[in-house]
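Asks: Residue numbers (our numbering), protein chains in the order written: chain A, 16 to 170; chain B, 54 to 485.
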Amino acid sequence: MSSSLEKNMLILRSSDGEEFIVPEVVAVMSKAIKNMVEDECASNTIPVPNVDANILAMVIEFCKKHDESEAEAASDLKTFDSEFVNRGQEALYDLITAANFRDVKELLDALCQNVAEMIKGKSVHHIRIQFLGYQLFEILTSNFIWNIWCDRDFD
Amino acid sequence: MTDSHKRIAIDNGTDDIVSGLPRNLIDNILERMPVRDAARTSILSRNWRYIWSSLPHLVLDKRFFADIIRNNPLYAYTFVSIISNILLLHSGPILKFSLYIPNIHCDWDLHVTQWLLFLSRNGIKELNLDNRNVKSYKLPSYVFSCPELTHLKLRNCVFKPPEVFGGFRNLINLHFEKMAFAANIFGTLVPSVPLLETLNFSGCTGIEHFNIHSPKLKTFFAADSRDVKSISFQSTPNLTMISIVLGKKAENPGQGSTINLHKFLDNLPRILKICFDGFFLKLLAAGPVPWVLSIPFNQLKHLVFTKIRFDDLDQMSCVFCLLRSSPNLKKLRMTASTVRDNAMELDPSYLEAPGFMYQMLNQLRTVKITSITGLRAELLFIKCILTCSPFLETMHVQYHQIVDAHEGFRISTELMRFSRASPRAEIIYLKS
Numbered sequence: 016m017s018s019s020l021e022k023n024m025l026i027l028r029s030s031d032g033e034e035f036i037v038p039e040v041v042a043v044m045s046k047a048i049k050n051m052v053e054d055e056c057a058s059n060t061i062p063v064p065n066v067d068a069n070i071l072a073m074v075i076e077f078c079k080k081h082d083e084s085e086a087e088a089a090s091d092l093k094t095f096d097s098e099f100v101n102r103g104q105e106a107l108y109d110l111i112t113a114a115n116f117r118d119v120k121e122l123l124d125a126l127c128q129n130v131a132e133m134i135k136g137k138s139v140h141h142i143r144i145q146f147l148g149y150q151l152f153e154i155l156t157s158n159f160i161w162n163i164w165c166d167r168d169f170d
Numbered sequence: 054m055t056d057s058h059k060r061i062a063i064d065n066g067t068d069d070i071v072s073g074l075p076r077n078l079i080d081n082i083l084e085r086m087p088v089r090d091a092a093r094t095s096i097l098s099r100n101w102r103y104i105w106s107s108l109p110h111l112v113l114d115k116r117f118f119a120d121i122i123r124n125n126p127l128y129a130y131t132f133v134s135i136i137s138n139i140l141l142l143h144s145g146p147i148l149k150f151s152l153y154i155p156n157i158h159c160d161w162d163l164h165v166t167q168w169l170l171f172l173s174r175n176g177i178k179e180l181n182l183d184n185r186n187v188k189s190y191k192l193p194s195y196v197f198s199c200p201e202l203t204h205l206k207l208r209n210c211v212f213k214p215p216e217v218f219g220g221f222r223n224l225i226n227l228h229f230e231k232m233a234f235a236a237n238i239f240g241t242l243v244p245s246v247p248l249l250e251t252l253n254f255s256g257c258t259g260i261e262h263f264n265i266h267s268p269k270l271k272t273f274f275a276a277d278s279r280d281v282k283s284i285s286f287q288s289t290p291n292l293t294m295i296s297i298v299l300g301k302k303a304e305n306p307g308q309g310s311t312i313n314l315h316k317f318l319d320n321l322p323r324i325l326k327i328c329f330d331g332f333f334l335k336l337l338a339a340g341p342v343p344w345v346l347s348i349p350f351n352q353l354k355h356l357v358f359t360k361i362r363f364d365d366l367d368q369m370s371c372v373f374c375l376l377r378s379s380p381n382l383k384k385l386r387m388t389a390s391t392v393r394d395n396a397m398e399l400d401p402s403y404l405e406a407p408g409f410m411y412q413m414l415n416q417l418r419t420v421k422i423t424s425i426t427g428l429r430a431e432l433l434f435i436k437c438i439l440t441c442s443p444f445l446e447t448m449h450v451q452y453h454q455i456v457d458a459h460e461g462f463r464i465s466t467e468l469m470r471f472s473r474a475s476p477r478a479e480i481i482y483l484k485s
């Protein structure tokens, strides 16, 4: 690592050109960045394509919190996680793809759990309104499973 | 609306956030919810239609059955036909299949056998059969010809490998619960699972001799295995955790018992955690118990003893042998036995002999001793630990329910008097 930076700091550059200075321990929570650092193909600036400054800032915030609070109580971290992922659909989508692309396991888990909670226990009607923003008028499939198992409680 | 079967398509061009995600993420999300909720997503929109039916993980657990049973007098029939339908509709491999078999009265076993045949042809890797039926289930032979299996968890099944058994070459995790085995299971099974890392037996009958030689084995659990007469670990260099709880007095420990503490524990260089119960210690003490083991457990951090009788010399000599052989012990947990027979009452004054524990437990930080009734042997044991652990931080003590407030006060005043080697040691009384 050749850089004039302080030791153990990395610069991450988002797709729209903004730069973030991040401690290495935080940055390597992303497996993809970790691999780059380990293979020593990371120069002083690591480009993070496909992720804009807004989303990158969120991801860094999440990783910082998880890095600091290793010693902290797990319940605190859980509250933080559930508040963190509670966002609008578009931000959620961008965050999930960013976490997947950069391979940040903790963030991906928290986000997927959040989306799962949005679907869990809801009727088809609800999920449609929530995700698709519209409602199909009437669907009655003749399939056995739907009639007696899936939709029984909501008819 | 007479034609309610007709779907009125509204395509306003908006995509929902989830169906636009990469497939591995959709699978990740859908695996986090009950299978019924995941199935419901397939009528959300055209994009969603086939997503669920190719999900590689199917968890049909207790909750799945509870959803069926509600307001449904024909639940046994429904249960069977829903699962058959799910499998018929499924496309692509099923890597993980978990099934709860409720106590229903119908020919469920025929159906389970068919499902397993289907699974064995679809690349199953993790299989979990949780049979809660009164009838035990005989595993069909094709389960034994699934070479891809990595995790196998069975409850209340008859496990009988066929004559020609190629083995589970990829199996990592094996869990048996309430199973009855033919006598020589270890002779046929264990050599054929070379990659095994976790082996768990609970409530299994018919196994008298555990001869374990799996070079990759990391954890070994045996609970409620009352038929055990001998256990030996050969070539298990990677074993990090052992837990053996007999749960009941071994029948005739003297006869046919070939366990010897020295031989038994000599070959475990990487052991991190040991958990034994008093009955097993009794079995270990049937052979000669050495003062200290020839090779100390330098890695051992955590010792747990359950159902210990502090006034039983056999059990305590094993406990002390293990304590003396674990210089790096960090955590000690003991639960006193609640069974009292006064026939074994021994003079516990040996605990006070100088140099009994001769070696300091320099790494010991936390101790928890529960269900004590204030026997002299218990108090002297606590005293002994307090005097030989200079860096102890907390000592949790919990009384048994039968100890009343007055007796509890007597015990605590007694405990207060003991000198502590560690200036930071704190004695904490927990509510029983």
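All C-beta atoms, glycine included, are put in the ideal place defined by N, C-alpha and C.
1. Between the segment 36–56 of chain A and the segment 93–101 of chain A, do three or more beta carbon pairs fall short of 8 Å?
2. Quick one: what does DSSP say arginine 418 of chain B is sitting in, helix, strand or coil?
3. Going by DSSP, name the residue or residues bridged to arginine 28 of chain A.
4. To the nearest angstrom, how far is the alpha carbon of arginine 470 of chain B from that of arginine 463 of chain B?
5. Let me check one thing: in DSSP terms, what residues is alanine 275 of chain B bridge-paired to?
6. In whole angstroms, give me the CA-to-CA distance for proline 184 of chain B and asparagine 209 of chain B.
7. DSSP on arginine 93 of chain B, reduced to helix/strand/coil?
8. What is the C-beta distance between cysteine 371 of chain B and valine 345 of chain B, in whole angstroms, given that I count them as a contact (C-beta under 8 Å)?
9. Of the residues that make up the segment 31–47 of chain A, which ones have a beta carbon closer than 9 Å to any beta carbon in chain B?
10. Using the beta-carbon of each residue, which ones in chain B are nearer than 7 Å to isoleucine 70 of chain A?
11. Could you tell me the distance, in whole angstroms, from the CA atom of threonine 289 of chain B to the CA atom of asparagine 226 of chain B?
12. Could you pull out every residue in the same chain whose Cβ sits closer than 6 Å to the Cβ of methionine 387 of chain B, ignoring the five residues on either side in sequence?
13. Within this structure, are the beta carbons of phenylalanine 332 of chain B and isoleucine 297 of chain B separated by less than 7 Å?
14. What is the DSSP secondary structure of alanine 42 of chain A, reduced to helix, strand or coil?
15. What does the alpha-carbon distance come out to for the pair isoleucine 425 of chain B and arginine 477 of chain B?
16. By the 10 Å Cβ neighbour count, where 16 or more other Cβ atoms means buried, how is histidine 158 of chain B classified, buried or exposed?
17. With DSSP run on the structure shown, which of helix, strand or coil describes methionine 413 of chain B?
18. Looking only at its chain, what residues have a beta carbon closer than 6 Å to the beta carbon of glutamine 412 of chain B, apart from the 5 residues adjacent to it on each side?
19. Buried or exposed: where does threonine 94 of chain B fall if 16 or more other Cβ atoms within 10 Å of its Cβ makes it buried?
20. CA-CA distance, threonine 60 of chain A and leucine 27 of chain A?
21. Using the three-state DSSP reduction, which class does alanine 396 of chain B fall into: helix, strand or coil?
22. Between the alpha carbons of serine 475 of chain B and phenylalanine 444 of chain B, how many angstroms are there, rounded?
23. Keeping to the same chain, check which residues put their C-beta closer than 7 Å to that of glycine 461 of chain B; ignore five residues upstream and five downstream.
24. Could you list which residues in chain B have their beta carbon closer than 7 Å to that of asparagine 115 of chain A, in chain order?
25. Could you check which residue in A/Glu33, A/Lys79 and A/Val37 has the C-alpha nearest to that of aspartate 67 of chain A?
26. Thinking just about the alpha-carbon of each residue, which of B/Val342, B/Asn223, B/Arg99 and B/Asn181 is nearest to the one in phenylalanine 535 of chain B?
27. Does the Cβ of alanine 389 of chain B have 16 or more other Cβ atoms within 10 Å, making it buried, or fewer, making it exposed?
28. So, is aspartate 109 of chain A buried or exposed, given that buried needs 16 or more other C-beta atoms within 10 angstroms?
29. For glutamate 467 of chain B, does the three-state DSSP call read helix, strand or coil?
30. Any beta carbon from chain A within less than 7 Å of arginine 85 of chain B's own beta carbon?
31. Measuring alpha carbon to alpha carbon, tell me which residue in B/Gln167, B/Phe363, B/Leu336 and B/Thr447 is nearest lysine 383 of chain B.
32. Quick one: give me the first and last residue of the beta strand (DSSP E) that asparagine 264 of chain B is part of.
33. In angstroms, rounded to a whole number, what distance separates the CA positions of serine 245 of chain B and serine 283 of chain B?
34. Can you look up tyrosine 482 of chain B in the DSSP assignment and give me helix, strand or coil?
35. For the beta strand (DSSP E) containing aspartate 330 of chain B, list its first residue and its last residue.
36. Within 10 Å of its beta-carbon, does glutamate 18 of chain B have 16 or more other beta-carbons around it, so buried, or fewer, so exposed?
Replies: Looking at the atomic coordinates:
1. no
2. coil
3. A/Glu34 and A/Pro62
4. 11 Å
5. B/Phe254 and B/Ile297
6. Per the sequence shown, residue 184 of chain B should be read as asparagine rather than proline. Approximately 6 Å, taken between the alpha carbons.
7. helix
8. 12 Å between Cβ atoms; not a contact.
9. none
10. Ordered by position in chain B, no residue passes the 7 Å Cβ test against isoleucine 70 of chain A, which lies about 14 Å from the chain.
11. 16 Å
12. Phe358, Ile361 and Ile422
13. no
14. helix
15. 23 Å
16. exposed
17. coil
18. Arg377
19. buried
20. 6 Å
21. For alanine 396 of chain B, the predicted model reports a pLDDT of 48, less than 50, meaning its position is unreliable; a value from the coordinates is still stated below. Helix at alanine 396 of chain B.
22. 5 Å
23. Tyr452
24. Pro75 and Leu78
25. A/Glu33
26. The shown model of chain B, from 54 to 485, leaves out residue 535 of chain B, and the question about it has no answer.
27. buried
28. buried
29. helix
30. yes
31. B/Thr447
32. 262–265
33. 21 Å
34. strand
35. 326–330
36. As displayed, chain B neither begins before 54 nor continues past 485, which places residue 18 of chain B out of reach and without an answer.
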